[in-house]
Structures are given as C-alpha cells and as structure tokens.
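Reading through the structure tokens given below for one structure.
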Amino acid sequence: MTISVGDRIPNITLTKATANGPDQISSDAFFKGRKVALVAVPGAFTPTCSARHLPGFVDNADALKAKGVDEIAFTSVNDAFVMGAWGKAADAGDITMLADGNAEFARAVGLTFDGSKFGMGERSQRYSMLVNDGVVEQLNVEAPGAFEVSSAEHLLSEI
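As structure tokens, then:
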C-alpha cells in the first residue's frame with residue numbers, strides 16, 4: 020500500500036552518507052521533531068536526477084528553509100558510498116544523502132518500480148514529500164518517465 024498524506028513514515032533503517040563514512044539511522048530518529056523535505060530518485064548519477072532534480076534542490080535550499088523546512092534529504096536505492104559521492108559531485112553540502120541500498124524504505128512506503136529492463140532491479144519511484152515530525156504533510160509522486168511534481172519549485176509552491 021502506498022503511503023498517503025497523514026500517514027506516519029514507517030520505521031526503517033537508512034544509511035546516512037557522512038564525511039566519516041556510512042552512519043545508520045532509523046527513520047523515526049531522522050524525522051523526529053522537525054520538518055524534512057524528502058526527495059526520492061531512481062538512482063544517483065542518473066541523467067534527470069543529476070541534471071535537474073538534485074540541482075533544483077541545491078539551488079532552492081535557502082528558499083525551502085525560509086519556508087520552515089529544517090532539512091532536505093535525498094534517498095535512492097544506492098549504497099551510502101554512491102550517495103556520498105553523488106552529493107560531493109553535485110556540491111550538495113546542505114542536503115543529506117540517505118542510502119536505501121536494499122529498497123527497504125521504498126518498499127515500506129509503497130513507492131517502488133521494477134527497473135530490471137534497464138539493468139537496475141527494484142528502484143524507488145521519483146517523488147518528493149514534506150514530512151513533519153514523522154507524518155507526511157505533502158506527497159508528490161511522478162508519473163513514470165515524468166519530472167514535474169517532485170521538483171524543488173513545485174514543492175516550494177505547495178508550502
């Protein structure tokens with residue numbers, strides 16, 4: 020079942036990419052007591068994700084924070100080393116990179132797709148959500164192949 024506005028984020032262990040290496044954190048702890056813009060993409064370093072999605076949030080980080088967002092986080096079905104390298108390559112220092120290497124989080128929120136025909140296996144759908152103290156306030160899920168409602172600009176317009 021797909022997560023909806025008003026639902027609590029399921030408690031899943033994610034791996035945060037840090038300067039000191041991978042650091043595991045529960046989603047309960049990560050979202051507790053703050054407002055987080057969570058963005059999910061099919062893969063780090065993939066064309067749309069690298070050329071448009073992540074740069075849009077890097078460019079709009081200050082505007083999102085001015086509207087009450089405490090943290091911006093990107094998640095993907097990649098390992099923490101890949102997520103960390105992607106964040107560095109994109110100069111995304113203000114954005115937290117969360118690895119969902121086994122697609123456990125994507126599966127728990129019901130937002131996966133089968134990318135096997137592209138050699139990618141199970142992946143996260145492209146979406147953005149605003150999570151306030153662990154509860155989904157907004158959810159913007161893209162249609163397959165689209166990049167419209169999960170952009171930083173769209174999320175900003177919804178806050």
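Heads up, the sequence shown is in this note's numbering, so the first residue is 20 and it goes up one at a time. For glycine and all other residues, C-beta sits at the position ideal for the given N, C-alpha and C.
Could you check what DSSP says for residue i in three-state terms: helix, strand or coil?
i    : result
K54  : strand
M148 : strand
D81  : helix
D42  : strand
T32  : strand
T37  : strand
E156 : strand
A63  : coil
Note down, in chain order, each residue of its chain lying with its Cβ closer than 7 Å to the Cβ of residue i, except the 5 sequence neighbours on either side.
i   : result
R71 : F166
Could you tell me the distance, in whole angstroms, from the CA atom of residue i to the CA atom of residue j?
i    : j    : result
L11  : G40  : Past the boundaries of the shown model lies residue 11; the chain is included only from 20 to 178, so the question cannot be answered.
V155 : D89  : 15 Å
E177 : P61  : 23 Å
N79  : S169 : 13 Å
E172 : A104 : 25 Å
G106 : I114 : 8 Å
S45  : G164 : 30 Å
T131 : T21  : 9 Å
E141 : A36  : 21 Å
Check whether the Cβ of residue i lies closer than 6 Å to any heavy atom of the ligand NAP, and answer yes or no.
i   : result
I22 : Annotation note on the ligand NAP: not contained in the displayed structure, which lists no ligands.
What does the Cβ neighbour count give for residue i, buried or exposed, with the cut at 16 atoms within 10 Å?
i    : result
G25  : exposed
S147 : buried
N30  : exposed
Just to confirm my understanding: we take residue i, look at its own chain, exclude 5 residues before and 5 after, and list those with CB closer than 6 Å. What are they?
i   : result
T94 : A59, L117, D119
A63 : S95, N97, V101, M102, W105
Spatial neighbours of residue i within its chain, please: CB distance less than 8 Å, with the 5 preceding and 5 following residues excluded, ordered by chain position.
i    : result
A109 : S69, L73, P74, V77
A92  : F49, V55, A56, L57, V58, I114, T115, M116, L117
G52  : D152
(message) So within the region 80 to 142, which uninterrupted beta strand (DSSP E) runs reach at least 3 residues, ignoring any that extend past its ends?
(response) 90 to 95, 114 to 118, 131 to 133
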